[in-house]
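Structure record follows, encoded as structure tokens.
Residue numbers (this note's numbering): 130 to 378.
Spelled out as structure tokens, the structure:
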């Protein structure tokens, strides 16, 4: 057998042993993304509501101090005390029926408390007379809903003045000392407690116009000078969620 014959036989054998090339397998599509249908959303954890920014304070229980414009150590013994912006101190005490708030700025001036009960803010003014401006929460602001007459200019000097004083407490649930009582640099408030949480911000404005504020980071219209100095804005901006909440032990 010639060399050529051997090569032909070998070539034929190789060709016969190779099968056809396998067909290319088409790529299979991956799973389709899940549709955003109700009930098929991924879990994002519990819904978180806006946090309460202001802190919470436990107001000590003790005997009721006499409202006379003097924050004596004996009358306010055991009170919770904090420092106000621009100097001075604020005191808190309660006797189970009333909340007592004392402002001591070290200078003469007027006091203004912003007291929040639910969707209502009551602005309690104390200078030579007492007056209240009461605001209700609206959509974008707070609207004036009630304004009290100025009262109690006589303080507690005699029986007639004491009667007017008591009528103020009975009608509106609060009283305070006046500028012409006590030291003239200190103001004492008595506020009847209610079946609601209470939050509070306080301002003492000196005769020179310096504002002593609490909490120290207060930034809403409790600082409005017109509001502090006896004017009555029809609408105003309050942020009571930033004010400390007062808890009664």
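Idealized CB from N, CA, C, for every residue including glycine. Since the structure is predicted, the reported quantities are computational estimates derived from the model, not experimental observations.
| Item | Value |
| --- | --- |
| Residue environment, residue 226, which counts as buried when at least 16 other CB atoms sit within 10 Å | exposed |
| Alpha carbon of residue 253 to alpha carbon of residue 215, nearest angstrom | 21 Å |
| Beta-carbon proximity of residue 233 to residue 217, cut-off 8 Å | yes |
| Residue 231 to residue 220 span [Cα, whole Å] | 5 Å |
| Rounded Cβ spacing between residue 198 and residue 325 (contact assumed at less than 8 Å) | Actually they do not touch by this definition, with Cβ atoms about 28 Å apart. |
| Collapsed DSSP secondary structure at residue 179 in the structure displayed | For residue 179, the predicted structure reports a pLDDT of 39, less than 50, and the residue's modelled location is therefore unreliable. A value from the coordinates is still provided. Three-state DSSP puts residue 179 in coil, outside helix and strand. |
| Those runs of the beta strand (DSSP E) which lie wholly inside the stretch 300–359 and span at least 3 residues | 303–305, 315–321, 327–335, 340–343 |
| Three-state secondary structure (DSSP) of residue 293 | helix |
| Which of helix, strand or coil DSSP assigns to residue 262 | strand |
| DSSP three-state assignment for residue 282, whether helix, strand or coil | coil |
| Whether residue 280 touches residue 259 by CB criterion (8 Å) | yes |
| 8 Å Cβ cutoff met for residue 317 and residue 335 | no |
| Local conformation of residue 200 per DSSP, three classes | coil |
| Beta-bridge partners of residue 249, as assigned by DSSP | 246, 265 |
| Closest Cα partner of residue 299 within the set 319, 283, 372 | 319 |
| Cutoff 7 Å; reference residue 377; Cβ partners in own chain excluding five residues on either side | 188, 223, 322 |
| Supposed contact pair residue 240 and residue 328 - C-beta distance, whole angstroms, cut 8 Å | Actually they do not touch by this definition, with Cβ atoms about 17 Å apart. |
| Which of helix, strand or coil DSSP assigns to residue 195 | coil |
| Buried/exposed call for residue 255, threshold 16 Cβ in 10 Å | buried |
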